[in-house]
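Single-structure report; data block below.
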Amino acid sequence: MEVTEGATAETDVSNTPDAPPKVVPPSERPKTGIEREAELLTPVEVDYGKAAYRQILPGVMQVPTEAVLALVRKSSLWPLTFGLACCAIEMIATYMPHHDLERFGIVPFASPRQADVLIIAGTVTKKMAPAVKLLYEQMPNPKWVISMGACATNGGPYTRYDRVLQGVDKIIPVDVYVPGCPPRPEALIDGFIALQHKIMEERGKF
Ligand code: SF4
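One gets the working numbering by counting positions in the sequence shown from 1 and adding 31 to each.
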């Protein structure tokens with residue numbers, strides 16, 4: 032072999048243009064993008080003795096429909112903006128940013144046609160009772176009622192007053208009773224959480 036000036040024998044061998052390129056066996060070569068995609072597109076071998084979702088989409092959770100519906104309902108309660116007396120001021124305060132009911136998905140709505148929660152906030156007089164009943168009947172099913180405060184629950188300080196209804200549950204069904212005169216916004220939030228638990232427990236009944 033002819034050695035040129037300033038070069039060693041080894042460098043001459045590796046730099047020779049006629050040296051054959053190193054051959055990498057297919058098993059050691061990294062896969063190209065097309066080869067990786069072709070592997071993913073290979074049809075799945077289905078084992079008919081095993082649930083298909085376990086084979087094709089591993090990790091997918093199976094949930095009953097009624098549980099999904101109950102979750103959606105309890106997470107998007109729309110109470111009707113309707114108040115009767117002093118308790119209504121606390122209800123309005125609960126809707127304000129300080130208490131932030133919207134973090135529970137609770138958004139007040141002005142029409143009974145779209146609302147699904149009726150909060151009886153205040154004294155129900157016998158003169159007002161037919162209007163309360165009408166609002167309840169205008170709401171679509173499923174719907175829920177929260178009796179907020181002593182007046183709505185049993186007449187409160189107006190016990191034995193002839194012109195005051197001694198409990199709104201005498202004209203419409205009540206799901207949650209919130210005690211107090213008036214209840215604080217935290218108590219109403221507690222009532223909403225109790226209602227959400229009730230909706231989850233009663234799933235599948237609607
Ligand atoms: S329970 Fe008390 S605060 Fe609420 S409406 Fe009756 S009197 Fe007013």
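Positions of the beta carbon are idealized from the N, C-alpha and C atoms, including for glycine. These numbers come from a predicted model, not from an experiment.
**Report entry** Residue range of the alpha helix (DSSP H) that includes residue 138
**Finding:** Following the DSSP letters along the chain, one finds residue 138 in no alpha helix (DSSP H), marked with neither H nor E.
Query raised in the report: Using DSSP with H/G/I as helix, E/B as strand and the rest coil, what is residue 170?
Result: In the three-state scheme derived from DSSP, where H, G and I count as helix and E and B as strand, residue 170 is classed as coil.
Query raised in the report: Starting from residue 183 and walking both ways along the alpha helix (DSSP H), at which residues does that stretch end?
Result: From DSSP, the alpha helix (DSSP H) with residue 183 extends over 181-185.
Report task. Rounded to whole angstroms, what's the CA-CA distance from residue 192 to residue 105? Just pull it up for me. Result -> Cα to Cα, the separation comes out at about 36 angstroms.
Requested in this report: Could you check what DSSP says for residue 214 in three-state terms: helix, strand or coil?
Outcome: The answer is coil: DSSP assigns residue 214 none of H, G, I, E or B.
Query raised in the report: Could you give the distance in angstroms between the alpha-carbon of residue 34 and the alpha-carbon of residue 59?
Result: Because residue 34 carries a pLDDT of 45, less than 50, the predicted location of this residue cannot be relied on, and no value is offered for it.
Query raised in the report: For residue 96, does the count of other Cβ atoms within 10 angstroms reach 16, so buried, or fall short, so exposed?
Result: Counting C-beta atoms within 10 angstroms of its own C-beta, residue 96 has fewer than 16 neighbours from the protein chains shown and is therefore classed as exposed.
Query raised in the report: Alpha carbon to alpha carbon, what distance is there between residue 71 and residue 130?
Result: In this structure, the straight-line span from the alpha carbon of residue 130 to that of residue 71 is close to 50 angstroms.
Query raised in the report: How is the alpha helix (DSSP H) around residue 120 delimited, first residue to last?
Result: In the DSSP annotation of this structure, the continuous segment of the alpha helix (DSSP H) that includes residue 120 starts and ends at 118-126.
Query raised in the report: Closest to residue 109 by CA distance: which of 147, 63 and 124 is it?
Result: Minimum Cα distance to residue 109 is reached at 147.
**Report entry** Cβ contact check for the stretch 200-220 and the stretch 175-190: 3 or more pairs under 8 angstroms
**Finding:** Yes, since at least three Cβ pairs between the stretch 200-220 and the stretch 175-190 fall closer than 8 angstroms, the two stretches touch.
Requested in this report: Starting from the Cα of residue 196, find the closest Cα among 154, 169, 216 and 226 and give me that residue.
Outcome: For the residues 154, 169, 216 and 226, the minimum Cα distance to residue 196 belongs to 154.
Query raised in the report: With distances taken between CB atoms, is the gap from residue 234 to residue 98 smaller than 8 angstroms?
Result: Going by C-beta atoms, residue 234 is nearer than 8 angstroms to residue 98.
Query raised in the report: Between which two residues does the beta strand (DSSP E) harbouring residue 148 extend?
Result: Counting along the chain, the beta strand (DSSP E) containing residue 148 begins and ends at 148-152.
Report task. Identify, in the order they occur along the chain, each residue of the same chain with its Cβ nearer than 7 angstroms to the Cβ of residue 159, setting aside the five sequence neighbours on each side. Result -> Setting aside the 5 residues that flank it on each side, residue 159 is surrounded in the same chain by 115, each with a C-beta closer than 7 angstroms to its C-beta; the list follows chain order.
Report task. Put residue 110 into one of helix, strand or coil per three-state DSSP. Result -> The answer is strand: DSSP assigns residue 110 an E or B state.
Query raised in the report: Taking the alpha-carbon positions, what's the residue 156 to residue 194 distance?
Result: Each residue's Cα considered, the two are about 6 angstroms apart.
**Report entry** Distance CB(residue 163)-CB(residue 151) smaller than 8 angstroms
**Finding:** Against a cut-off of 8 angstroms, the Cβ pair of residue 151 and residue 163 comes out as a contact.
Requested in this report: Quick one: residues in its chain with C-beta nearer than 7 angstroms to the C-beta of residue 136, no 5 flanking neighbours on either side, listed in chain order?
Outcome: Within the same chain, residue 136 has close Cβ partners 106, 107 and 108.
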